[in-house]
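Participant:
Numbering (full-length UniProt numbering), first residue to last: 1 to 318.
As structure tokens, this is what we get:
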């Protein structure tokens, strides 16, 4: 079949919906265990465990030759950006709801499209995509401007801003992978760089901020195991496997179900409340993301924004 990618079929759609549900649980699981371990430390620990598992895959597949000088520069930069995203998400979850983080983190495709448009002539934004960016930005403004006065001492607005910043870091990671030598590296190597970066930065930040208190409970142990093995290891590798077979632009559209799942889980599991301003803003943000990504669909998926062979974790990868 060479480098030709297939349209998404029923099998791929089923797998993607399952993975979106898994990705949508991430912030909820972290919140559930936040009383036992700070969110920032949780994402650091899970990244470290996942990095070890991915390193074993790299050795098994004999991809370690790609851990060389030609990928090091892009790999270190991607790892730093990915780690920065983790730090921002971890702190954001401490201040705001999982539902809010789930939506704001998924602004990543907006930032990725903008970054790729600046770096690569063939990725210049079309009018439809500019409309999508404008709509998403308006959604962010609406979600902030429409909320009522914050309760005394509430820092939820800062947590929301950190979620948007995390989306920007995720989008920048996508751009780096696309324009660097990582676009030619095996997916397992690219993922390893990112997970190591996440482990180093998130764990270091947790130590520096004094967020290292741990109270071992069944919820924490099960949560870390789930995050490390199912989310950051198995689902990421499954995502890359699908990218090698199917058109990435089609898969990317289905992945927009992840923030919807995240919001639903936040409301049903954690009992989070959604105000009207946030709901309206979230709809506008998701609509803007769809418009930004629709250009790939109109082009028949000839160019995939997620690199089929090198790959990158975007908004779904936190």
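All residues carry an ideal CB built from backbone N, CA and C; glycine is no exception.
As a quick exercise: from 7, 16 and 11, pick the residue whose alpha carbon is nearest that of residue 254.
Facilitator: Walking along the chain shown from the start, residue 254 turns up at place 254. Nearest of 7, 16 and 11 to residue 254, Cα basis: 16.
Participant: To which residues of the same chain is residue 289 closer than 8 angstroms at the C-beta, ignoring the five residues directly before and after it?
Facilitator: If you number the chain shown from 1, residue 289 lands on position 289. Around residue 289: 106, 107, 109, 110, 132, 136 and 256.
Participant: Note the first and the last residue of the continuous alpha helix (DSSP H) segment covering residue 259.
Facilitator: Stepping through the chain shown from its first residue, residue 259 is reached at position 259. Residues 257-270.
Participant: Can you round the beta-carbon distance between residue 188 and residue 54 to whole angstroms, since I take them to be within the 8 angstroms contact cut?
Facilitator: Taking the first residue of the chain shown as 1, we reach residue 188 at position 188. Taking the first residue of the chain shown as 1, we reach residue 54 at position 54. Right, their Cβ atoms sit about 6 angstroms apart.
Participant: Given this structure, state the Cα-to-Cα distance separating residue 69 from residue 268, to the nearest angstrom.
Facilitator: Along the chain shown, read from residue 1 onward, the residue named residue 69 stands at position 69. Along the chain shown, read from residue 1 onward, the residue named residue 268 stands at position 268. For residue 69 and residue 268, the distance between alpha carbons rounds to 47 angstroms.
Participant: Let's test the definition: count the other Cβ atoms within 10 Å of the Cβ of residue 173 and tell me whether it reaches 16, buried, or not, exposed.
Facilitator: Counting from one through the chain shown, the residue named residue 173 turns up at place 173. By the neighbour-count rule (16 or more Cβ atoms within 10 Å), residue 173 is buried.
Participant: DSSP on residue 106, reduced to helix/strand/coil?
Facilitator: As a position in the chain shown, residue 106 is number 106, starting the count at 1. Coil.
Participant: So, with DSSP's three-state summary, where would you put residue 6?
Facilitator: For the purposes of this step, residue 6 is taken as residue 6 along the chain shown, with counting starting at 1. Correct three-state label for residue 6: strand.
Participant: With a 10 Å radius around its C-beta and 16 neighbouring C-beta atoms as the bar for buried, classify residue 10 as buried or exposed.
Facilitator: Taking the first residue of the chain shown as position 1, residue 10 is located at position 10. Residue 10 should be labelled exposed.
Participant: Comparing C-alpha positions only, which one of 179, 93 and 142 sits nearest to residue 118?
Facilitator: Locating residue 118 in the chain shown gives position 118, where the first residue counts as 1. That would be 179, whose Cα lies nearest to the Cα of residue 118.
Participant: Give me the residue from 24, 8 and 7 with the minimum Cα distance to residue 374.
Facilitator: Past the boundaries of the shown model lies residue 374; the chain is included only from 1 to 318, so the question cannot be answered.
Participant: Applying the 10 Å Cβ sphere with the 16-neighbour rule, what's the burial state of residue 93?
Facilitator: The residue you call residue 93 lines up with position 93 of the chain shown. Buried.
Participant: Would the C-beta of residue 58 count as close to the ligand PLP, meaning under 6 angstroms from any of its heavy atoms?
Facilitator: Inclusion of the ligand PLP in the displayed structure is not the case, the ligand content being empty and no account of it being possible.
Participant: Please report the residue range of the alpha helix (DSSP H) in which residue 320 lies.
Facilitator: Any answer about residue 320 is impossible in this case: the structure gives the chain only from 1 up to 318.
Participant: May I have a chain-ordered list of the alpha helix (DSSP H) segments no shorter than 4 residues that lie completely inside the stretch 50-130?
Facilitator: Complete alpha helix (DSSP H) runs here, min 4: 69-95, 98-105 and 108-119.
Participant: Based on the DSSP output, what are the partners of residue 214 in its beta bridges?
Facilitator: To locate residue 214, count along the chain shown from 1; it is residue 214. Residue 214 is bridged to 37.
Participant: I'd like to confirm the pairing. Which residues does DSSP put opposite residue 246 in its beta bridges?
Facilitator: Here the question's residue 246 lines up with position 246 in the chain shown. Paired residues: 6.
Participant: To the nearest angstrom, report how far apart residue 225 and residue 50 are at their CA atoms.
Facilitator: By one-based count along the chain shown, residue 225 stands at place 225. By one-based count along the chain shown, residue 50 stands at place 50. One C-alpha to the other measures close to 10 angstroms.
Participant: I'd like to check one pair, residue 43 with residue 202: are the Cβ atoms closer than 7 angstroms?
Facilitator: One-based indexing of the chain shown puts residue 202 at position 202. One-based indexing of the chain shown puts residue 43 at position 43. Going by C-beta atoms, residue 202 is nearer than 7 angstroms to residue 43.
Participant: If we call anything under 7 angstroms between Cβ atoms a contact, is residue 28 one with residue 265?
Facilitator: As a first step, residue 28 must be located in the chain shown, where it is residue number 28. As a first step, residue 265 must be located in the chain shown, where it is residue number 265. Contact: yes.
Participant: With DSSP run on the structure shown, which of helix, strand or coil describes residue 25?
Facilitator: Here residue 25 refers to the residue found at position 25 when the chain shown is read from its first residue. In the structure shown, residue 25 sits in coil (DSSP, three-state: anything other than H, G, I, E or B).
Participant: Which two residues bound the contiguous alpha helix (DSSP H) that contains residue 208?
Facilitator: Working through the chain shown from its first residue, we reach residue 208 at position 208. Where residue 208 is concerned, the enclosing alpha helix (DSSP H) stretches over 187-208.
Participant: Hey, would you say residue 98 sits closer than 7 angstroms to residue 261, going by beta carbons?
Facilitator: Looking up residue 98 in the chain shown gives position 98. Looking up residue 261 in the chain shown gives position 261. In this structure, residue 261 does not lie closer than 7 angstroms to residue 98 by Cβ.
Participant: What would DSSP say about residue 286, mapped onto helix, strand or coil?
Facilitator: By 1-based counting over the chain shown, the position of residue 286 is 286. Note: residue 286 maps to helix in three-state DSSP.
Participant: Look at the Cβ atom of residue 79, then the Cβ atom of residue 175, and state whether they are nearer than 7 angstroms.
Facilitator: For the purposes of this step, residue 79 is identified with residue 79 of the chain shown, where counting begins at 1. For the purposes of this step, residue 175 is identified with residue 175 of the chain shown, where counting begins at 1. No. Outside cutoff.
Participant: Distance, Cα to Cα, residue 101 vs residue 190?
Facilitator: Position 101 of the chain shown holds residue 101. Position 190 of the chain shown holds residue 190. Residue 101 and residue 190: Cα-Cα distance of roughly 25 angstroms.
Participant: Helix, strand or coil for residue 305 per DSSP?
Facilitator: In the chain shown, counting from the first residue as 1, residue 305 sits at position 305. Because residue 305 sits at a pLDDT of 42, beneath the cut-off of 50, its placement in the model cannot be relied upon, and the following sentence gives the value as read from the coordinates. DSSP places residue 305 in coil when its eight states are reduced to three.
Participant: Mapping the DSSP letters down to three states, classify residue 273 as helix, strand or coil.
Facilitator: If you number the chain shown from 1, residue 273 lands on position 273. In the structure shown, residue 273 sits in coil (DSSP, three-state: anything other than H, G, I, E or B).
Participant: By a C-beta neighbour count over all protein chains shown, 10 Å radius and 16 as the cutoff for buried, is residue 160 buried or exposed?
Facilitator: As a working note, residue 160 is residue 160 in the chain shown. With 16 or more other Cβ atoms within 10 Å, it is buried.
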